[in-house]
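Structure first, commentary second.
In structure tokens form, the structure reads like this:
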């Protein structure tokens, strides 16, 4: 069974731009969560989608948004990029129970 | 406000000895705890978990201990192996919430 895939793996943007990251969950998984990992803050929860609905949201500004499609694939968008948005963005999928999440390799975003 | 704290950013042990990674939490509503291991350029992988109704869970070389009164959990790796060198994240889940709260991680180095 294929694991969680994230595209692109690496991305370089400049301040003010917007970016869209993509996540394909494990087949059959309906829950997709997004996390931001930075050296200073560790792993921070962004939001979680289940069956195309956002079930929970972390403490991030409205510039961070996401969506989930009917095939459970999810996208995360960050608008008006700031230098501090440079981070590893991780996606995780599960059948619906968060104690059984499987993570993708992440997208490394660098904002210049 | 960091609800899950891993106060040691790094730990170095000799191969064959015990590795003890610590984690403290502040939210008494957390009722499920997990440990993830992360290698560079990969997403975190689930290692072991424990429910708040237990005080110990063992899986091979890995044992997690939970002290609810102290709001403290620890991961023991015995014997430690060089392949265990990775960043270890402690995470907590509150029943009814769909959001995992992670610590900042501890980088474990096992020296041959």
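Residue numbers (the working numbering), protein chains in the order written: chain E, 881 to 992; chain F, 254 to 365.
Every residue gets a Cβ at the ideal spot worked out from N, C-alpha and C, and that includes glycine.
Quick caveat, the model's predicted, so the values are computed rather than measured.
Taking all protein chains shown into account, decide if residue i is buried (16 or more other Cβ within 10 angstroms of its Cβ) or exposed.
i	result
residue 312 of chain F	exposed
residue 334 of chain F	exposed
residue 267 of chain F	exposed
residue 331 of chain F	exposed
residue 941 of chain E	exposed
residue 292 of chain F	exposed
residue 890 of chain E	exposed
residue 981 of chain E	buried
residue 339 of chain F	buried
residue 344 of chain F	buried
residue 963 of chain E	exposed
residue 279 of chain F	exposed
residue 328 of chain F	buried
residue 921 of chain E	exposed
residue 927 of chain E	buried
residue 992 of chain E	exposed
residue 262 of chain F	exposed
residue 950 of chain E	exposed
residue 894 of chain E	exposed
Just verifying my parser: in three-state terms, what is the DSSP assignment at residue i?
i	result
residue 980 of chain E	helix
residue 308 of chain F	coil
residue 896 of chain E	coil
residue 336 of chain F	helix
residue 964 of chain E	helix
residue 268 of chain F	coil
residue 953 of chain E	coil
residue 281 of chain F	coil
residue 292 of chain F	coil
residue 991 of chain E	strand
residue 325 of chain F	strand
residue 910 of chain E	coil
residue 260 of chain F	coil
residue 331 of chain F	coil
If you compare alpha carbons, which of the options is closest to residue i?
i	options	result
residue 877 of chain E	E:912, E:966, E:974, E:919	Coverage of chain E is limited to positions 881 through 992, which leaves residue 877 of chain E absent and any answer about it impossible.
residue 914 of chain E	E:897, E:920, E:975, E:984	E:984
residue 902 of chain E	E:885, E:910, E:923	E:885
residue 898 of chain E	E:951, E:944, E:925, E:924	E:944
residue 887 of chain E	E:974, E:925, E:904	E:904
residue 301 of chain F	F:314, F:295, F:294	F:314
residue 907 of chain E	E:990, E:954, E:968, E:969	E:954
residue 365 of chain F	F:290, F:357, F:325, F:336	F:336
residue 952 of chain E	E:909, E:935, E:900	E:909
Just to check my reading of the structure: residue i and residue j have Cβ atoms closer than 8 Å, yes? What is that Cβ distance to the nearest angstrom?
i	j	result
residue 284 of chain F	residue 348 of chain F	5 Å
residue 924 of chain E	residue 938 of chain E	6 Å
residue 296 of chain F	residue 989 of chain E	Going by Cβ atoms, the distance from residue 296 of chain F to residue 989 of chain E rounds to 15 Å, so no, they are not a contact pair.
If contact is defined by three or more beta carbon pairs under 8 Å, each pair taking one atom from either stretch, is the segment 315-326 of chain F in contact with the segment 944-964 of chain E? no
Check whether the segment 917-934 of chain E touches the segment 269-279 of chain F, counting contact only when three or more Cβ pairs, one atom from each stretch, lie closer than 8 Å. no
Does the segment 349-364 of chain F touch the segment 913-927 of chain E, meaning 3 or more C-beta pairs lie closer than 8 Å? yes
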